[in-house]
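Residue numbers (our numbering): 33 to 210.
Worksheet: one structure, shown below.
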Amino acid sequence: IDFVSMYPSIMVEYNVSPETVLAEPGPGLEKVPELELYVRHDFQGLIPETLGPLVHKRIKFKEKMKEIWKYDPRRVEYTARASGLKWLSVVTFGYLGYKNARYGRIEAHQTVSAYSRDLLLKAKEIAETKGYRVIQMYIDCLWVQKQGVTTEEQLQPLLDEIREATRIPIMSDGIYRW
């Protein structure tokens, strides 16, 4: 199972931007997991505001690709568009940590990474409480196994629960035979 555009989705959903990440606690601020940093939510940051439409478009293309036949000629176009949107999003995350970036700030970059670790561990815990064995975790995905789960439909309740707990889109990337 794979978080869809995990780092960009974190920036959008958790409002991570150089001007929203603060080093001092205060009222209405959300504490960043594992770090002494806090995120403002009283306004939308520049990064979430500009990245949001790109992330949502990419998710729509990925959903469309799951719905169409694997030899549908539109698949080539959808794949190319989703890939372009992915790389724009990935560059945005990298640029947050670049010291000479106009809108970069290392604390914002660290915040995204901290949320990522926390959300992956949450997903692991949810899978294990649902009776799944977590075989491997890597950056933004988990390989899970559960006796009798052999279809996307059977996996969907797990995906729904992870999505609700993390606020990040997640989908099955494939079902493998053991």
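Glycine included, each C-beta is placed from N, C-alpha and C at the ideal position.
These figures come from a predicted structure and were not determined experimentally.
Residue 170 carries a strand assignment under DSSP once its states are collapsed to helix, strand and coil. Here DSSP, grouped into helix, strand and coil, assigns residue 54 to strand. A residue is called buried once 16 or more other Cβ atoms fall within 10 Å of its Cβ, and residue 94 is buried on that count. Proximity to residue 124 across 43, 90, 59, 189 peaks at 43, based on C-alpha coordinates. For residue 49, the closest of 78, 37, 35, 179 by C-alpha to C-alpha distance is 78. In the three-state scheme derived from DSSP, where H, G and I count as helix and E and B as strand, residue 177 is classed as strand.
Residue 88 and residue 173 have their C-alpha atoms roughly 19 angstroms apart. Look at residue 165 here: in three-state DSSP terms it is strand. Per DSSP, residue 75 lies in no alpha helix (DSSP H) and is assigned neither H nor E.
By the C-beta criterion, the segment 63-72 is judged to be in contact with the segment 145-159, since at least 3 inter-stretch pairs fall below 8 angstroms.
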